[in-house]
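Undergrad: Next up is a structure, given as structure tokens.
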Amino acid sequence: MRVFEAEKIIDRYIKALATDGGIVRPLSLLMNSSKQLVLDAYKIYMAYMIKHPILEKEQFKRLMSCLLFLNQFVPDKQAIKINKIYKKQQQNKRITSSEHKYFDDFMKKYVKDQADSFRLHNEVVEYINTLNSLDQDSPYYCITAYRLAGVEYKPEYEFDF
14 MRVFEAEKII DRYIKALATD GGIVRPLSLL MNSSKQLVLD AYKIYMAYMI KHPILEKEQF
74 KRLMSCLLFL NQFVPDKQAI KINKIYKKQQ QNKRITSSEH KYFDDFMKKY VKDQADSFRL
134 HNEVVEYINT LNSLDQDSPY YCITAYRLAG VEYKPEYEFD F
């Protein structure tokens, strides 16, 4: 993954986050990106930003806070069903016992998934802290950043850095 590809993935992710569809969002809004791909893109983009600090501190904080919502993306059918039930609840409409059970079961899992979002966020923060301790001018910075991110490295990626 090149830096410009990472930036596009993050841009799509943030645009998808901006959609208002309920408490969860359909995975298809990520446009062929997986949650793991978004996480990888964050790491590569942050590696670039550390070497070329062009983001203001507040921009950086906002970008990082968006990562906390990654687990709001669920399979499309599930998102539609959950959001439909949620909307009924918000409008004080009657929901069936099966809808109630489905929603409750989902929310139990969702709470655990949200805890995982904090873990993913902390993983990226730890990655950033590690990169900050490196010599960004080293000829090995790029390859080290990819290795630490767990993302495949190719020599042509050096040109991005």
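Take any residue in the sequence shown, count from 1 to its spot, add 13: that is its number in this note's numbering.
Positions of the beta carbon are idealized from the N, C-alpha and C atoms, including for glycine.
Computed from a prediction, not measured in an experiment: that's the story for all the values here.
(1) Just to confirm the assignment, what range does the alpha helix (DSSP H) spanning F116 have?
(2) Would M120 be called buried (16 or more neighbouring beta carbons within 10 Å of its own) or exposed?
(3) Find out if the Cβ-Cβ distance for the pair R25, L52 is shorter than 8 Å.
(4) How many angstroms separate the CA atom of K90 from the CA atom of D150?
(5) When DSSP labels each residue in this structure, what does R38 get in the three-state scheme?
(6) Who are the Cβ neighbours of L133 in its own chain at under 7 Å, not counting the five residues just before and after it?
(7) Measuring only the C-alpha atoms, how far is Q127 from Q85?
(8) Can you tell me which of the three DSSP states V87 falls into?
(9) Just to confirm, is the Cβ distance from A54 to I22 under 8 Å?
(10) Count Cβ pairs between the region 55-73 and the region 138-158 that sit closer than 8 Å; are there 3 or more?
(11) Under a three-way DSSP split, which group does E165 fall into?
(12) So L144 packs on I67, CB below 8 Å; how close in whole Å?
(13) Have a look at Q49 and S130 and give me their C-alpha separation to the nearest angstrom.
(14) Within 10 Å of its beta-carbon, does P39 have 16 or more other beta-carbons around it, so buried, or fewer, so exposed?
TA: For this structure:
(1) Its alpha helix (DSSP H) spans residues S110 to N145.
(2) So M120 ends up on the exposed side.
(3) No, the pair does not count as a contact, with Cβ atoms beyond the cut-off.
(4) If I take the Cα positions, the gap works out to 47 Å.
(5) Residue state, collapsed to three classes: strand.
(6) Closer than 7 Å at the Cβ level, and outside the excluded window around L133, lie L52, L80 and L83.
(7) Note on geometry: alpha-carbon atoms of Q127 and Q85 lie some 8 Å from one another.
(8) Of the three classes helix, strand and coil, the one that applies to V87 here is strand, per DSSP.
(9) In terms of Cβ geometry, A54 and I22 form a close pair [threshold 8 Å].
(10) At 8 Å Cβ cutoff, the stretches touch.
(11) DSSP places E165 in coil when its eight states are reduced to three.
(12) Contact flag wrong, Cβ pair sits at about 16 Å.
(13) Rounded to the nearest angstrom, the two C-alpha atoms are 12 Å apart.
(14) Answer is buried; the Cβ neighbour count reaches 16.
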